[in-house]
Amino acid sequence: MGGTVLLIEDEPNIIEAIRFILSRDGWRVDTHSDGLTAVDAVRARRPDLIVLDVMLPNRSGYDILNDLRADAEFKELPVLMLTARGQKKDRELAEKLGASRFMTKPFSNGEVLETVRALVGQ
Amino acid sequence: MARPALTGSRIRRYRIDRGIKQAELARQCDISPSYLNLIEHNRRKIGGALLNSVAAALEVDTATLSEGAGAAITGALEVAAGSFAASGREIERSEDFAGRFPGWAQLVVEQQARVSELERLVETLNDRLTHDPFLSASLHNVLSTVTAIRSTSGILATGEDIEAEWQARFHRNLYEDSQRLAESTEALVGYLDAGGDADRTLSLPQDEMEAWLSDHDWRIEAYEEGRDMEVDVVIAEVGTALTSSAARSLAARFLERYRADVMALPGADLEAAVLAGERDPMRLAARFSIDLPRAMRRMATLPGRFFKGGLPPGLVICDGSGTLTFRKPVRGFDPPRFGASCAVWPLFQALHRPLTPVSSELSLVGQDDVRFKTWSLATSEYVAGFDKPPVVESTMLLMPVLAQVGAESPPYQVGTSCRVCAIKGCPARREPSILMQSDVASSGGSGLGAM
């Protein structure tokens with residue numbers, strides 16, 4: 001493995017836990033917590049995959065995803081969306097905007113690991 | 001017409017329903033078949049002993065034949081029938097049903113009221129779940145915290161060795177998160193409990209206020225007796241039935257106005273004038289130098305004993321959008337609770353011609369035995385100042401007039417709401433009626449005579 005993951009999430013304890021499990025699996029994990037500057041962070045870090053929370057301060061994860069997909073450079077970037085709302089319309093919106101995977105909170109560590117591995121292995 | 005409103009028509013319908021031949025019924029009642037035929041076609045009056053024996057032969061109450069089952073309950077049954085799209089109802093027989101099984105009919109009506117109430121409750125709760133920012137934020141909070149706890153405890157539970165420093169950190173996180181979870185669930189439970197209490201207030205504030213006024217016969221005795229009290233005091237004294245703050249605030253507005261109305265025309269003066277025969281709101285207004293809507297509002301507070309026939313007047317007020325803001329029903333005229341009302345009420349004619357008084361006599365379709373004399377006036381007030389939108393209000397007073405049996409239809413028929421109105425060819429119809437699905441497309445016809 002050994003790819004890089006950018007985790008865009010604002011809940012410190014979730015960041016800590018995900019960072020820990022991904023690091024132990026051999027990933028390099030960077031984190032970012034502000035929605036407004038998230039796209040810039042992606043440009044600066046150029047990760048192999050991003051884990052993107054929907055509810056972020058200042059800007060929604062959907063808007064961030066939309067911007068990324070509009071940029072030719074990030075059209076194919078694997079994006080795992082995290083949300084606390086598992087409603088059908090949220091899932092549909094994420095799919096429409098081009099999310100690679102969609103995961104509803106609370107998820108298990110195993111699920112996250114498996115999905116991240118699958119997305120970069122694709 | 002879905003509901004024959006005349007005694008003869010009712011006799012005919014009951015007789016046919018029961019499969020009795022005209023000659024047979026005539027024989028039982030000691031009259032000739034041709035005379036019965038005239039009665040059944042409303043060409044001879046019937047009353048007294050003969051009506052009693054016809055009723056006995058048909059096994060119905062005399063009152064059911066002479067008055068029909070209450071128009072209110074029949075109307076309510078029709079509304080109930082219209083709320084469900086299923087087939088197989090016999091709308092044209094709702095009066096018959098109400099007459100024969102008054103208890104069951106009442107049950108249907110009450111169930112319909114309950115169904116509407118529950119439907120509104122579901123809508124409100126649904127709105128709350130979908131759009132309530134507090135609920136959605138606290139659920140998000142709970143889910144985030146649970147996610148952190150699940151992830152962190154998952155790491156600790158694997159049994160793999162984790163550096164002591166990390167272990168301590170995760171334990172601390174778990175502790176923090178469990179604290180947060182406890183707080184946010186507590187807040188959520190508190191909120192949902194309050195929501196449970198709020199159910200009582202889910203009937204519309206206006207309904208609540210009108211139910212309260214109806215319990216007090218639409219009168220505030222304290223003011224009528226000449227005791228000038230602050231509105232808050234009146235609410236504290238007689239308004240304890242008002243549970244929601246929105247209804248209390250509507251009641252406060254109503255009472256402010258009531259108080260000013262009484263100040264301008266005190267109860268004793270009003271009663272003396274009406275007892276002396278003054279029943280025209282325009283003349284009452286002139287005599288006491290008050291404006292016409294105020295005179296109408298004052299008259300609508302008087303009990304039935306001040307009027308011929310013992311029926312108190314009704315009063316309907318709407319705002320500039322036509323929304324009914326005050327609905328005091330009168331026997332035979334029950335303004336709709338939900339949905340829009342009949343567009344041809346004089347109330348709305350007045351609304352489109354502010355400051356022009358409109359007076360007309362009308363009857364409700366299907367109820368030829370009750371007519372109303374009505375007075376309406378719309379006013380616009382520029383309370384916000386020049387170049388600001390005016391506050392428009394139209395007021396209609398309805399006084400029941402007992403019609404003579406067999407008198408011809410008044411020139412002007414109205415309904416309550418399109419869904420349950422049988423007027424054919426009404427140019428102002430908004431939607432088809434459940435009472436005449438097949439006639440919807442027909443043009444011309446009766447009703448709306450002189451408009």
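Which chain is which? The protein sequence lines are R and D, in order.
Sequential numbering of the first sequence, starting at 1, is according to full-length UniProt numbering.
Sequential numbering of the second sequence, starting at 1, is according to full-length UniProt numbering.
Quick reminder that beta carbons are idealized off the backbone N, C-alpha and C, glycines included.
Computed from a predicted model, the values in this text were never measured in an experiment.
Under the 10 Å beta carbon count, R43 of chain R is surrounded by fewer than 16 other beta carbons and is classified as exposed.
Taken in chain order, the complete alpha helix (DSSP H) segments of 4 or more residues contained in the segment 70-94 of chain R number zero; there are none. Chain D has no Cβ within less than 8 Å of the Cβ of E114 of chain R. Remark: C-beta atoms of L77 of chain R and L52 of chain R do not approach each other more closely than 8 Å. Residues are counted here when their Cβ sits less than 7 Å from a Cβ of chain R; for the segment 140-165 of chain D these are H140, L143, S144, V146, T147, A148, R150, S151, T152, G154, I155, given in chain order.
According to the DSSP secondary-structure assignment, W375 of chain D is paired through a beta bridge with D:S359, D:L397.
Taking a beta-carbon distance threshold of 8 Å, N66 of chain R does not count as an interface residue toward chain D. Using a Cβ-Cβ cut-off of 8 Å, N173 of chain D counts as an interface residue toward chain R, since at least one Cβ of chain R sits closer than that to its own. Check the Cα spacing between D67 of chain R and each of R:G98, R:N109, R:R28: the tightest is with R:G98. Beta bridge pairing from DSSP links G322 of chain D with no other residue. For K96 of chain R, the three-state secondary structure derived from DSSP is helix. If you draw a 10 Å sphere on the C-beta of G310 of chain D, you find fewer than 16 other C-beta atoms in it, and that means exposed. Under the three-pair Cβ rule at 8 Å, the segment 206-215 of chain D counts as touching the segment 239-250 of chain D. The beta carbon of F20 of chain R falls within 8 Å of a beta carbon belonging to chain D, placing the residue at that interface. When Cβ-Cβ separations below 8 Å define contact, D177 of chain D makes contact with chain R.
Fewer than three Cβ pairs drawn from the segment 21-36 of chain D and the segment 107-122 of chain D lie within less than 8 Å of each other, which leaves the two stretches out of contact.
Between I20 of chain D and V54 of chain D, the alpha-carbon positions lie close to 12 Å from each other. Counting every other CB atom within 10 Å of its CB across the protein chains shown gives V234 of chain D a total of 16 or more, marking it as buried. Note on geometry: alpha-carbon atoms of L364 of chain D and A84 of chain R lie some 56 Å from one another. Counting C-beta pairs closer than 8 Å gives three or more between the segment 213-230 of chain D and the segment 258-272 of chain D, which meets the contact rule.
Pairing A38 of chain R with I8 of chain R gives a Cβ-Cβ distance under 8 Å. Per DSSP, R13 of chain D is one residue of the alpha helix (DSSP H) stretching across 7-17. Burial state of M263 of chain D is exposed, judged by a 10 Å Cβ sphere holding fewer than 16 other Cβ atoms. By the neighbour-count criterion, in which a residue is buried when 16 or more other Cβ atoms sit within 10 angstroms of its Cβ, E393 of chain D is buried. Within chain D, the C-beta atoms nearer than 7 Å to that of N109 of chain R come from S151, G154, I155, in chain order. Within the same chain, and ignoring the five residues on either side of R219 of chain D in sequence, the residues whose Cβ sits closer than 6 Å to its Cβ are T301. In this structure E110 of chain D is not in contact with I91 of chain D, their Cβ atoms being roughly 19 Å apart against a cut-off of 8 Å. L284 of chain D and R297 of chain D have their C-alpha atoms roughly 11 Å apart.
Taking T395 of chain D as reference, the option from D:L135, D:L125, D:Y14, D:T325 with the minimal CA-CA separation is D:T325. In summary, K328 of chain D is buried, with 16 or more beta-carbon neighbours lying within 10 Å of its beta-carbon over all protein chains present. Listed along the chain, the chain D residues whose CB falls inside 7 Å of the CB of K96 of chain R amount to none; the nearest CB is some 20 Å away.
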